[in-house]
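Protein chains in written order, with the working numbering: chain A, 1 to 292; chain B, 293 to 584.
There are 2 protein chains.
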Amino acid sequence: MSKATVTAVTTIGFLHPGKMGASLAACATGAAERLWASAGRSPATATRAVTAGLVDVGSLDELCRRSDVIVSICPPSAADGVAAEVAATGFGGVYIDANAVSPATAQRVEARFGDRYIDGGVIGPPAERPGTTRLYLAGPQAAGLAPLWAGSALDVRALSATADGAPASTLKMAYAAWTKGSNALLLAVNALASQAGALDALRAEWELSQPGLRERSDRVAAGSGPKAWRFEGEMAEIAATMAAAGLPEGFHRGAEELYHRLAGFKDHPAPTLAEILATLAESSPGAPGDAG
Amino acid sequence: MSKATVTAVTTIGFLHPGKMGASLAACATGAAERLWASAGRSPATATRAVTAGLVDVGSLDELCRRSDVIVSICPPSAADGVAAEVAATGFGGVYIDANAVSPATAQRVEARFGDRYIDGGVIGPPAERPGTTRLYLAGPQAAGLAPLWAGSALDVRALSATADGAPASTLKMAYAAWTKGSNALLLAVNALASQAGALDALRAEWELSQPGLRERSDRVAAGSGPKAWRFEGEMAEIAATMAAAGLPEGFHRGAEELYHRLAGFKDHPAPTLAEILATLAESSPGAPGDAG
């Protein structure tokens, strides 16, 4: 592949099509071929890959041999391992790491691919309709890759590369640092008032002077409770990112602890705020029957 | 004074009329007499007291001898000392502590006055027009005191007392835990993006998916920068309150550190976000010329 342009002959490979990855793959209709490798993957992943229109080439080696561009989208903790496996095949194309990783992790991946590395970050839900989801790409070749997704539901945006940073990964971290960090703070504040018997008063005061916070508290309980188990690790990555940037890590250490205590709501359908607050009270380090 | 009612003969004393205290005093038009004690206070305080319509009785002893009700509104760090001074005079009336103190501090003050203690908390700016400011009062006699401020710009609300808590103080803490804690988090997130060269991208993404955060960031920089020096201590009180409630203290330890770094903006007229972010970058523990 030319360094600066993507032509209709570009072949793109995806590692590994989870819900988000499959949506990025389904949207890459500017590529001549869209591939994945089924070796070692689950039937659910295979179903998603077929639905996204991906061609199975079997092994990782074959995927790397045939692809001009590889997109990695996997759990953050697996990102560098996946990159290492790809590099070990001798892959010579462009490697897009679209994972929610800290800039430190991004730089480890970059070291494996040099100027063929693209720092990526996705903001929004899996891209099923236009306007919901952005794929940010940074690096010398980022602008040339956008046509792979032209005309699809995915909005691809190129960021200027900086001398010493991973702007797409940092953007993703900063975005989640606010959304998931402030949601955790809001639950902690509700819990504090609740434990002093002042929650009704707080909610009434919010109605007067902070409109929307009452409703947001209920919405966060229902929406974030079931995902807390996976937010915990993301908060730890953000805390480390803050510390590496010389900023306070406390906000996200607090959020990490709060989500940790809510991990039991995994697969729970939309808990109420009262259920979340009861669990926070029970899981307090000083509570009877302390669970940790 | 009767324990349950306030009559037109009630005399109320104020310690010490700063901006907020003077506004509470000016609104207490349901009292027969409104007093203060000028001994040891500054000319600025005296001017505020006169403007609020307070009668100077000279000494603290005289104030305590003549008052049926005393309202304490002072810096949080002075709250328990002021209470100790009042108790030492043998004051036998009702003591309202309206300071932004932790429940632990509130309980120390309560121990000095027993069932003559009222836990209070003010939310909003100094009360100059109706609808902006609430004085929350909790304790057996709270409801009976509201008529002191009837018909004024100050909205007095009684909270149910709880067996082991200071609901008005906790309400004030919880309220500020969100407003000032989330503002600090927002500045930290802006700083993180800025240091990676991703701030413009973050602000553009916020325009798409988190409307209002861009404007809020600018507003917080201008509004909270000059007050950061006094928010630092309040964040420490809130962190301790969270910890005492068995909740994560990290959020407000982070906020405490962030405001600490911005203390130099005291008396600075409305700093820009760029000025705030430059100071956060310079004051990073790893920055050249580290200031702490």
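Heads up, the beta-carbon is just placed ideally off N, CA and C, and yes, glycines get one too.
All values reported here derive from a predicted model rather than from experimental measurement.
Neighbouring residues, chain A, relative to residue i (Cβ below 7 angstroms)
{"i": "GLN487 (chain B)", "result": "ALA245"}
{"i": "ARG426 (chain B)", "result": "GLU205"}
{"i": "GLY457 (chain B)", "result": "ALA196 and GLY197"}
{"i": "PRO577 (chain B)", "result": "GLY246"}
{"i": "PRO395 (chain B)", "result": "ALA196"}
{"i": "MET312 (chain B)", "result": "In chain order: nothing, as chain A lies at least about 16 angstroms away."}
Contact list for residue i against chain B, beta-carbon separation under 8 angstroms
{"i": "PRO76 (chain A)", "result": "Residues of chain B passing the Cβ test: none, with the nearest at roughly 17 angstroms."}
{"i": "SER209 (chain A)", "result": "ILE415 and GLY416"}
{"i": "SER160 (chain A)", "result": "GLY489"}
{"i": "LEU185 (chain A)", "result": "ALA469, TRP470, GLY473, SER474, LEU477 and PHE543"}
Interface residues of chain B facing residue i [CB-CB closer than 9 angstroms]
{"i": "PRO140 (chain A)", "result": "Ordered by position in chain B, no residue passes the 9 angstroms Cβ test against PRO140 (chain A), which lies about 15 angstroms from the chain."}
{"i": "LEU213 (chain A)", "result": "TRP470"}
Bridge partner(s) assigned by DSSP for residue i
{"i": "TYR387 (chain B)", "result": "B:ILE362 and B:TYR409"}
{"i": "ARG426 (chain B)", "result": "B:ILE415 and B:ASP447"}
{"i": "THR11 (chain A)", "result": "A:GLU33"}
{"i": "VAL55 (chain A)", "result": "A:LEU35"}
Pairwise C-alpha distance: residue j and residue i
{"i": "THR45 (chain A)", "j": "PHE523 (chain B)", "result": "50 angstroms"}
{"i": "ALA296 (chain B)", "j": "ALA536 (chain B)", "result": "Reliability fails at ALA296 (chain B), whose pLDDT of 44 lies under 50, so the model's placement of it is uncertain and the value that follows must be treated cautiously. C-alpha separation (whole angstroms): 32 angstroms."}
{"i": "LEU484 (chain B)", "j": "MET20 (chain A)", "result": "25 angstroms"}
{"i": "ALA168 (chain A)", "j": "GLN487 (chain B)", "result": "13 angstroms"}
{"i": "THR397 (chain B)", "j": "VAL82 (chain A)", "result": "53 angstroms"}
{"i": "HIS588 (chain B)", "j": "ARG400 (chain B)", "result": "Nothing about residue 588 (chain B) can be reported from this structure: the residues present for chain B run from 293 to 584 only."}
{"i": "SER576 (chain B)", "j": "THR51 (chain A)", "result": "48 angstroms"}
{"i": "PRO540 (chain B)", "j": "THR302 (chain B)", "result": "44 angstroms"}
{"i": "TYR387 (chain B)", "j": "ALA531 (chain B)", "result": "27 angstroms"}
{"i": "VAL481 (chain B)", "j": "ALA174 (chain A)", "result": "5 angstroms"}
{"i": "PRO518 (chain B)", "j": "PRO503 (chain B)", "result": "25 angstroms"}
{"i": "GLU529 (chain B)", "j": "ALA469 (chain B)", "result": "10 angstroms"}
{"i": "ILE410 (chain B)", "j": "GLY457 (chain B)", "result": "12 angstroms"}
{"i": "LYS472 (chain B)", "j": "TRP521 (chain B)", "result": "12 angstroms"}
{"i": "PHE543 (chain B)", "j": "ARG326 (chain B)", "result": "41 angstroms"}
{"i": "GLU207 (chain A)", "j": "ASP200 (chain A)", "result": "11 angstroms"}
{"i": "ALA450 (chain B)", "j": "PHE265 (chain A)", "result": "36 angstroms"}
{"i": "PRO147 (chain A)", "j": "LYS172 (chain A)", "result": "22 angstroms"}
{"i": "THR133 (chain A)", "j": "TRP441 (chain B)", "result": "53 angstroms"}
Proximal residues of chain A, C-beta to C-beta of residue i below 8 angstroms
{"i": "VAL414 (chain B)", "result": "Simply none; closest approach about 11 angstroms."}
{"i": "ALA570 (chain B)", "result": "Within chain A, no residue comes near ALA570 (chain B); the closest Cβ sits about 13 angstroms away, beyond 8 angstroms."}
{"i": "GLY515 (chain B)", "result": "Here the premise fails: no neighbours, minimum Cβ distance about 15 angstroms."}
{"i": "ARG463 (chain B)", "result": "This sequence places Leu at residue 463 (chain B); Arg is not what is there. Per Cβ cutoff of 8 angstroms: ALA193, ALA196, ALA198, ALA201, LEU202 and GLU205."}
{"i": "THR533 (chain B)", "result": "LEU192"}
Reduced DSSP secondary structure (H/G/I, E/B, other) of residue i
{"i": "SER2 (chain A)", "result": "Only weak support is given to the placement of SER2 (chain A): the predicted model assigns it a pLDDT of 43, under 50, and the value that follows is read from those uncertain coordinates. Here SER2 (chain A) sits in coil by DSSP."}
{"i": "GLY90 (chain A)", "result": "coil"}
{"i": "ARG112 (chain A)", "result": "helix"}
{"i": "VAL342 (chain B)", "result": "helix"}
{"i": "ARG41 (chain A)", "result": "coil"}
{"i": "VAL374 (chain B)", "result": "helix"}
{"i": "ALA583 (chain B)", "result": "With a pLDDT of only 41 at ALA583 (chain B), under 50, the local geometry of the prediction cannot be trusted, and the value read off the model is given with reservation. Three-state DSSP puts ALA583 (chain B) in coil, outside helix and strand."}
{"i": "ARG421 (chain B)", "result": "coil"}
{"i": "GLY313 (chain B)", "result": "helix"}
{"i": "PRO285 (chain A)", "result": "coil"}
{"i": "ALA396 (chain B)", "result": "helix"}
{"i": "THR571 (chain B)", "result": "helix"}
{"i": "ALA320 (chain B)", "result": "coil"}
{"i": "PRO75 (chain A)", "result": "coil"}
Neighbour list for residue i in chain B, Cβ cutoff strictly below 7 angstroms
{"i": "TYR175 (chain A)", "result": "LEU494 and GLU497"}
{"i": "VAL189 (chain A)", "result": "ALA466, ALA469 and TRP470"}
{"i": "LEU273 (chain A)", "result": "What LEU273 (chain A) touches in chain B: nothing, since even the nearest Cβ is about 14 angstroms away."}
{"i": "ARG253 (chain A)", "result": "GLY542"}
{"i": "LEU258 (chain A)", "result": "PRO540"}
Proximity test, Cβ basis, 8 angstroms: residue i and chain D
{"i": "SER182 (chain A)", "result": "The structure shown contains no chain D; its protein chains are A and B."}
Partner residues on chain A for residue i, Cβ-Cβ distance less than 9 angstroms
{"i": "LEU316 (chain B)", "result": "Going along chain A, no residue has its Cβ under 9 angstroms from LEU316 (chain B), so there is no contact; the nearest lies around 17 angstroms."}
Item checked: Contiguous alpha helix (DSSP H) assignments of at least 4 residues, all confined to the segment 511 to 562 of chain B -> 520 to 536 and 542 to 553
Next item on the list: Ignoring anything shorter than 3 residues or poking outside the segment 141 to 216 of chain A, list the beta strand (DSSP E) runs there in chain order.
Entry: 154 to 159
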